[in-house]
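So the sequence lines, in the order shown, correspond to chains A and B. If you read the first sequence in numbering that gives the first Met the number 0, its first letter stands for residue 0, the second for the next number, and so on. If you read the second sequence in numbering that gives the first Met the number 0, its first letter stands for residue 0, the second for the next number, and so on. Glycine included, every Cβ here is placed at the ideal spot set by N, Cα and C. Shown next, in structure tokens, is the structure this report addresses.
Number of protein chains: 2
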Amino acid sequence: MKLQNDLLLRAARGEATQRPPVWLMRQAGRILAEYRAVRREAGSFINLVTNPELAAEVTIQPVDILGVDAAIIFSDILVIPEAMGLPYEMVEQRGPNFPEVIRKASDLSRLRTADPHRDLSYVLDAIKITKSRLNGRVPLIGFAGAPFTIFCYMTEGRGSKTFSEAKKILYSDPELAHQLIGMITDSTIAYLKAQIAAGADLVQVFDSWAGILSPQQYETYALPYLRRICEAITEVPVTIFAKGAFFAREAIGRLPCSVVGLDWNMDIAESKALIPGKTLQGNLDPCVLYASYEQIRRETKNMLTAYGAHPFIANLGHGVYPDTDPDKVRCFIDTVKEHAAMLH
Amino acid sequence: MKLQNDLLLRAARGEATQRPPVWLMRQAGRILAEYRAVRREAGSFINLVTNPELAAEVTIQPVDILGVDAAIIFSDILVIPEAMGLPYEMVEQRGPNFPEVIRKASDLSRLRTADPHRDLSYVLDAIKITKSRLNGRVPLIGFAGAPFTIFCYMTEGRGSKTFSEAKKILYSDPELAHQLIGMITDSTIAYLKAQIAAGADLVQVFDSWAGILSPQQYETYALPYLRRICEAITEVPVTIFAKGAFFAREAIGRLPCSVVGLDWNMDIAESKALIPGKTLQGNLDPCVLYASYEQIRRETKNMLTAYGAHPFIANLGHGVYPDTDPDKVRCFIDTVKEHAAMLH
Chain A
0 MKLQNDLLLR AARGEATQRP PVWLMRQAGR ILAEYRAVRR EAGSFINLVT
50 NPELAAEVTI QPVDILGVDA AIIFSDILVI PEAMGLPYEM VEQRGPNFPE
100 VIRKASDLSR LRTADPHRDL SYVLDAIKIT KSRLNGRVPL IGFAGAPFTI
150 FCYMTEGRGS KTFSEAKKIL YSDPELAHQL IGMITDSTIA YLKAQIAAGA
200 DLVQVFDSWA GILSPQQYET YALPYLRRIC EAITEVPVTI FAKGAFFARE
250 AIGRLPCSVV GLDWNMDIAE SKALIPGKTL QGNLDPCVLY ASYEQIRRET
300 KNMLTAYGAH PFIANLGHGV YPDTDPDKVR CFIDTVKEHA AMLH
Chain B
0 MKLQNDLLLR AARGEATQRP PVWLMRQAGR ILAEYRAVRR EAGSFINLVT
50 NPELAAEVTI QPVDILGVDA AIIFSDILVI PEAMGLPYEM VEQRGPNFPE
100 VIRKASDLSR LRTADPHRDL SYVLDAIKIT KSRLNGRVPL IGFAGAPFTI
150 FCYMTEGRGS KTFSEAKKIL YSDPELAHQL IGMITDSTIA YLKAQIAAGA
200 DLVQVFDSWA GILSPQQYET YALPYLRRIC EAITEVPVTI FAKGAFFARE
250 AIGRLPCSVV GLDWNMDIAE SKALIPGKTL QGNLDPCVLY ASYEQIRRET
300 KNMLTAYGAH PFIANLGHGV YPDTDPDKVR CFIDTVKEHA AMLH
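Okay, here's the thing in structure tokens:
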């Protein structure tokens, strides 16, 4: 199926495009009334994630409603721990919780390397349905959590500001840490390859908790595993988004990936210099979308100007916040389309 | 009262010392069984903060038990909002909560500029009692939250990963943001001056949520107010610790403060180059204290070596985590004392 809009893929490969592609992290989600209606129908977040028909429906909503240049499959990074044998629950207002966690070597016996066809077929089915319904309108992005970020959840058991239980293992039992992160990496590679086989046109790896590591630990516990993923995935472009890892930008830029995501703390000019030869993605502060239309347009144009001729994919520097007005999101998207076309 | 151990003050002024001083953020706290006993006696965290006798007692505990080179007054950065008319409660396992918050200009009428002698006399009394009981053994550090960080709590109402309610105001009502941050700054200057008059030998300003701002916002909403504080406090050295503000290190280094705190993500060699002519403080990852004694000694020595001849105050890169073994803390402190003496 030839894509009618392949801006995302061409930008990811560093090719010249008449304008940059634009999409938003968490675009399929609570910002849209249409999403909230499907979410109510599903009864729970996890029901929605595991129902391929409904997941496909909310994946496509932002393409129809917002006019983004890519869809990203509606799912959660925590499906990997679940597929490895560590189920999670989603607690209203509090986020994910793992009733059981990994804290010592003997806990590893509970885990298996995920087999995506056995354990994650609901995601693969959602991708197939989405691809069929998108009918080539825009590319579909697949994704997974980065191994270190998934390790954080599997050991800490929930979100945390410090993830001190997770980091404790790095210092007290580095062997366990490497074993677990290695198992997660194997599971993630198999999972991403299955997503690609099912139809994903690009895959993004989210290292959401990269920022809690020291530069040295990031080199030990994160980068080698990201490298393994990048080296294994040769079928489609790979985007690495390591939130808060300002200190690792050069090293991430040396990974064999196509795109590097920037959070809103990462200065674009500085990042262009640190990461030459790669497409960048981001990085408008999601809070800008709380401002006036005029200010959204101004800040978006500033971002476009800062990228200049460097290949990039317009996005926020973090997932869009749930209470953002969809009209403000549309203002961001339209500004990218109009202003960038003018600049080019 | 002449100090018997003035290493902290000499290091803060950039003077040569035979070894660097060492203390830990959150050293007066849950890591010590002796603290937990007093905390139980007090009945609640807020009772302990507001009881000068008990606050003085837990302030001095780490000097006696751990052998640190400075005491830091036991208190909380949220006493300022309370003194301004916005009381908080401390919810077990969840952290601070403000029943009322500031979201619009008319909410400001609830607030007043804090008068430390009227509203915060319990802290000033705790400082006086502590100074008297310390009897010149080590200096006493006073502290306050940075205006932007306090603004975050007063608008968001609780801790948050994104502080999106707080940041929303920066974009939607910058005037309200500047007004409120200005009032907090006035209150903070009066408060720090009162702490100094009561006996504080150095004051530290904690910008705990600096890392959620873009570099540009940090320049607009944080730095000018930090500058006002630094310019107003001429009596004693001032330490600025802006956690996560890696991007603002150069700018913070240009403030008229004496010491700049580093978190564990901030590379020491890089920070020395970015912040010449100032004493640095930090920055061992608090999670290192979960490791073996051997590893604690090794990581601590690496930190000392990285500072080299640059004036510094040994500390962690964040507050010590509550479940840290005090013997591990002692290992860190002793390593600084022994190894640094050897190096000098």
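Just the C-alpha distance for Pro19(A) and Tyr217(B), rounded to the nearest angstrom, thanks. 28 Å
Who are the neighbours of Thr187(B) on chain A, taking C-beta pairs under 8 Å? Under the 8 Å cutoff, chain A gives no residues; its nearest Cβ is about 24 Å from Thr187(B).
Return no unless some Cβ of chain B is closer than 9 Å to the Cβ of Ser270(A). no
Proximity test, Ile101(A) beta-carbon vs the ligand ADP heavy atom, cut-off 8 Å: By its list of ligands, the structure shown contains no ligand whatsoever, and the ligand ADP lies outside what it can speak to.
is_contact[Val259(B), chain A] using C-beta, thresh 9 Å: no
Using the beta-carbon of each residue, which ones in chain B are nearer than 7 Å to Lys166(A)? Cys286
Just to confirm, are Gly260(A) and Gln215(A) a CB contact at a threshold of 9 Å? no
Considering only the beta carbon of each residue, do Leu288(B) and Asn314(B) sit closer than 9 Å? no
Do you know how far the Cα of Asp68(B) is from the Cα of Ala176(B)? 38 Å
In chain B, what lies closer than 7 Å to Trp431(A) by C-beta? A query on residue 431(A) cannot be resolved here, the shown segment of chain A reaching from 0 to 343 and no further.
Reducing DSSP to helix, strand and coil, say where Val319(A) ends up. coil
Would you report the Cα separation of Gln92(A) and Ile45(A), rounded to the nearest angstrom? 14 Å
What would DSSP say about Gln60(A), mapped onto helix, strand or coil? helix
Among Ile228(A), Tyr170(A) and Ile180(A), the one whose alpha carbon lies nearest that of Ile188(A): Ile228(A)
Chain B contact residues for Gln294(A), given Cβ-Cβ distances below 7 Å: Tyr170
Taking the C-alpha atoms as reference points, what is the distance between Pro285(A) and Ile128(B)? 47 Å
Interface residues of chain B around Asp266(A) at Cβ under 7 Å? Pro214 and Phe246
For chain A, check one thing: does any of its Cβ atoms lie closer than 9 Å to the Cβ of His177(B)? no
Just reading off the alpha helix (DSSP H) that Ala241(B) is part of, what are its end residues? Careful: Ala241(B) lies outside any alpha helix (DSSP H), inside the beta strand (DSSP E) at Val237 to Ala241.
For chain A, find out if any of its Cβ atoms is closer than 9 Å to the Cβ of His350(B); answer yes or no. Past the boundaries of the shown model lies residue 350(B); chain B is included only from 0 to 343, so the question cannot be answered.
Using a 10 Å radius around the Cβ and a threshold of 16 neighbouring Cβ atoms, would you call Ala143(A) buried or exposed? buried
Please name the residue in Gly243(B), Ala197(B) and Ser207(B) whose C-alpha comes closest to that of Ala55(B). Ala197(B)
Distance CB(Leu191(A))-CB(Ile149(A)) smaller than 9 Å: no
Check whether the Cβ atoms of Pro140(A) and Ala199(A) lie closer than 9 Å to each other. Contrary to the premise, residue 140(A) reads as Ile rather than Pro in this sequence. Their beta carbons are under 9 Å apart, which means Ile140(A) touches Ala199(A) by this criterion.
For a contact meaning CB atoms closer than 8 Å, what does Ala290(B) contact in chain A? Tyr170 and Ser171
Residue range of the unbroken beta strand (DSSP E) whose run includes Pro275(B): Segment: none, Pro275(B) is in no beta strand (DSSP E) and carries neither H nor E.
Does the Cβ of Val62(A) have 16 or more other Cβ atoms within 10 Å, making it buried, or fewer, making it exposed? buried
Within the continuous alpha helix (DSSP H) that includes Ala355(B), where are the two ends? Residue 355(B) is absent from the model: chain B starts at 0 and stops at 343.
Contacts around Tyr320(A), its chain only, beta-carbon distance under 7 Å, and the 5 residues preceding and following it disregarded: Pro285
Cross-chain neighbours of Tyr220(A) in chain B, by beta carbon under 7 Å: Correct list: empty, because the minimum Cβ distance to chain B is about 12 Å.
Determine whether the Cβ of Lys160(A) lies closer than 9 Å to any Cβ atom of chain B. yes
Anything in the segment 295 to 310 of chain A with a Cβ closer than 7 Å to a Cβ of chain B? List those residues in chain order, please. none
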